[in-house]
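The structure under discussion appears below in the form of structure tokens.
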């Protein structure tokens, strides 16, 4: 038997956070508003992620989907798909979770100031992009055009409907929405997200594109963005991997030789185009 | 760098002294092979061992270790857990010293891995030179890891009736002070040591057709080689190579809930990049679905990625992976085939 005694300060020790509010967005997605113990600030950058602990179930990496400009609390948009996320969906307001992080590199906000921004989100990919969209809208005068393209498989899977409504009505946001398959109630655009690209003309020199979605989407969205003449270092992607530790040790999130949890999850296309494991 | 000589008949007493203060872990015989294990007495120590089934890695990075204990509640309570026992790893061969050096870098660079570094900080290492190859599978000399440039507190070389003891650190000096009969090396002792060392090197064959530092550039050119698919046809994807590798340190993290359904612990466990679910995410997407991709990733970690991150090749040529491999995938053959694929 190895003698084991408690100590203070460990890399793997989570902070506690209270679940203040739970909103159901779709059949599979809920948004959790969390507040760290003693009102600590998460102090994250848009695009960073946290490791969420449900003690007894485990830990899972989840991107932060709210902007640091909305202080005091933060939001996680979670699809019930694994052990931890299904357990999260069983939480009640007033319950607590553990949080480690924030981890990784988020979106390069400083580089984006003054630029036109083109967002392309597919499905749950809107969750990490929302942290940046909120940030940009909160500091709207610092940015040029804001173009948001969002696609979901069907109308029932659209996330953050109230915010989509708001973006659609703002005259300083160009918002285009599509679903792969319509239902009887749907009067909008139908088609995969790439069918939205002909609707927008951009100045490739002054535009920064930001995209997140299922792995298959990147290949086709990148073709569209490159066809619009955007330079590779003005296209940003947020990649999903199985970050177990968040600190570049456990090996699970490696994309070739690159730790997604350290150098990512946000990468420029220039950074990942030489990594054969990055985009399927 | 002070050099001492310790007569072999004094080693048992020295180890007994150390056992009073430390958990002493050394090579012992088990089921016809050798393993590193906590010594029950100095007589169990087998410094004549060729190679152990596992490296002493498990005593720095255990196969399963508790990171924290928790109690569910509102809010939950957590407390970290550490392994506070001072320990001596005794009789560690050059391959495993080099592997430990790499683990030290991996767990300390950029972010300090608290559990590893705390345990490492309480561990002293007594190295032991290899004077002949352990078997036909090892290729340490080819990988440059028969040579040891540090990473030990003391380093022993067998001179026949005595050990030459090189002091690597002050802590090592303090350990040696507990050994009765240790004398500063005389000129005659140094001459004996030099003779032993000069006879040692030619006994080890060079088995690679390349300089290991070139592996990274060779791999740059062989990513799409058909070799990976050919190897994948043989490979069973069992992860035995991961399990016995002294430089594999990937891990999984799991929660263990107690029977009261309230308290429990979070553990980390060795994991292996050869196992199918290693790069799988909850949505079902598997970023290394094919065995060939997993096999290539393992070899690239050893030959390229770790070298680029830490300046040291990730393979120390101990040969444990091929000994454990059920279909005998031999890294020497793989590295040589990659080199050959580049030169045609």
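Protein chains in written order, with my numbering: chain A, -10 to 269; chain B, 4 to 347. Each residue gets a CB set at the ideal place from its N, CA and C atoms; glycine is no exception. Every value quoted in this text rests on a predicted model; they were computed, and no experiment measured them.
Candidates the options: closest to residue i by CA position
i: residue 124(B); options: 133(B), 269(B), 107(B); result: 107(B)
i: residue 103(B); options: 154(B), 71(B), 75(B); result: 154(B)
i: residue 31(B); options: 134(B), 57(B), 8(B), 89(B); result: 57(B)
i: residue 203(B); options: 226(B), 215(B), 175(B), 160(B); result: 160(B)
i: residue 262(A); options: 234(A), 238(A), 222(A); result: 222(A)
i: residue 90(A); options: 211(A), 32(A), 121(A); result: 32(A)
i: residue 71(A); options: 18(B), 182(B), 286(B); result: 286(B)
i: residue 215(A); options: 197(A), 47(A), 202(A); result: 197(A)
i: residue 83(B); options: 127(A), 235(A), 4(A); result: 4(A)
i: residue 43(B); options: 35(B), 60(B), 61(B), 20(B); result: 20(B)
i: residue 68(B); options: 113(B), 109(B), 86(B); result: 86(B)
i: residue 293(A); options: 2(A), 252(A), 63(A), 40(A); result: In the structure as shown, chain A begins at -10 and stops at 269. Residue 293(A) is therefore absent and cannot be evaluated.
i: residue 319(B); options: 81(B), 122(B), 296(B), 151(B); result: 151(B)
i: residue 166(B); options: 185(B), 271(B), 178(B), 156(B); result: 185(B)
i: residue 88(B); options: 191(B), 218(B), 172(B), 24(B); result: 24(B)
i: residue 257(A); options: 81(A), 224(A), 264(A); result: 224(A)
Interface residues of chain B facing residue i [CB-CB closer than 9 Å]
i: residue 46(A); result: 258, 260
i: residue 266(A); result: 282, 290, 291, 296, 300
i: residue 83(A); result: 77
Contact check, residue i vs residue j, beta carbons under 8 Å
i: residue 91(B); j: residue 127(B); result: yes
i: residue 93(B); j: residue 132(B); result: no
i: residue 184(A); j: residue 226(A); result: no
i: residue 309(B); j: residue 273(B); result: no
i: residue 129(B); j: residue 170(B); result: no
i: residue 204(A); j: residue 122(A); result: no
i: residue 172(A); j: residue 144(A); result: yes
i: residue 96(A); j: residue 35(A); result: yes
i: residue 341(B); j: residue 230(B); result: yes
i: residue 6(B); j: residue 188(B); result: yes
i: residue 277(B); j: residue 240(B); result: yes
i: residue 79(B); j: residue 44(A); result: yes
i: residue 234(A); j: residue 256(B); result: yes
i: residue 119(A); j: residue 149(A); result: yes
i: residue 237(A); j: residue 113(B); result: yes
i: residue 48(A); j: residue 73(A); result: yes
i: residue 210(A); j: residue 109(A); result: yes
i: residue 202(A); j: residue 114(A); result: yes
Same chain, Cβ closer than 7 Å to residue i, five either side skipped, listed in chain order
i: residue 258(B); result: 267, 269
i: residue 224(B); result: 345
i: residue 162(A); result: 135, 137, 156
i: residue 248(B); result: 323, 324
i: residue 331(B); result: 325
i: residue 222(B); result: 303, 306, 307, 341
i: residue 261(B); result: 267
Within chain A, the residues that residue i reaches when beta carbons sit closer than 8 Å
i: residue 307(B); result: 246
i: residue 345(B); result: Simply none; closest approach about 18 Å.
i: residue 253(B); result: 239, 240, 241
i: residue 267(B); result: 44, 45
i: residue 226(B); result: 265
Chain A residues whose Cβ lies nearer than 9 Å to that of residue i
i: residue 364(B); result: Because residue 364(B) is not part of the residues shown, which for chain B are 4 to 347, the question remains open.
i: residue 138(B); result: Here the premise fails: no neighbours, minimum Cβ distance about 29 Å.
Neighbourhood of residue i by C-beta, 6 Å cutoff - its chain only, sequence neighbours within 5 removed
i: residue 22(B); result: none
i: residue 142(A); result: 169
i: residue 38(B); result: 55, 56
i: residue 299(B); result: 231
i: residue 10(B); result: 165, 184
Listed by chain order, chain A residues near residue i by CB distance under 7 Å
i: residue 142(B); result: The premise fails here: residue 142(B) is roughly 23 Å from chain A at the closest Cβ pair, so nothing lies under 7 Å.
i: residue 288(B); result: 204
i: residue 311(B); result: 246
i: residue 73(B); result: 44
Own chain partners of residue i with C-beta closer than 8 Å, once the 5 adjacent residues on each side are dropped
i: residue -7(A); result: Unreliable positioning characterises residue -7(A) in this predicted model, as indicated by a pLDDT of 40, which lies under 50. A coordinate reading is not provided.
i: residue 295(B); result: 231, 232, 234, 235
i: residue 26(B); result: 41, 88, 89, 90, 91
Amino acids of chain B, ordered along the chain, whose beta-carbon sits closer than 8 Å to that of residue i
i: residue 127(A); result: Those within 8 Å of residue 127(A) in chain B number zero; the least Cβ separation is about 30 Å.
i: residue 14(A); result: The premise fails here: residue 14(A) is roughly 17 Å from chain B at the closest Cβ pair, so nothing lies under 8 Å.
Within chain B, partners of residue i - CB distance below 7 Å
i: residue 111(A); result: Those do not exist, as residue 111(A) stays about 13 Å from chain B at its closest Cβ, beyond 7 Å.
i: residue 74(A); result: 285
i: residue 231(A); result: 282, 283, 284
i: residue 30(A); result: Per Cβ cutoff of 7 Å: no residues; residue 30(A) is ~18 Å from chain B at best.
i: residue 250(A); result: None at all; the shortest Cβ gap to chain B is about 10 Å.
*Where in the stretch 147 to 188 of chain A do unbroken runs of the alpha helix (DSSP H), each at least 4 residues long, occur, reported from the N-terminal end onward?*
150 to 158
*asked:* Which complete beta strand (DSSP E) runs does the stretch 232 to 260 of chain B hold, if anything under 3 residues is left out?
replied: 254 to 260
*Output the residue ranges of the beta strand (DSSP E) runs that lie fully inside the stretch 257 to 327 of chain B and measure 3 residues or longer, sorted by chain position.*
266 to 273
*Write down every uninterrupted run of the alpha helix (DSSP H) in the stretch 142 to 199 of chain B whose length is 4 residues or greater and which is fully enclosed by it, in chain order.*
143 to 146, 173 to 179
_Length-filtered (3 minimum) beta strand (DSSP E) runs lying within the stretch 188 to 264 of chain A_ = 196 to 201, 224 to 227, 255 to 257
*What alpha helix (DSSP H) runs, 4 residues minimum, are completely inside the stretch 89 to 148 of chain B?*
Complete alpha helix (DSSP H) runs here, min 4: 97 to 111, 117 to 124, 143 to 146.
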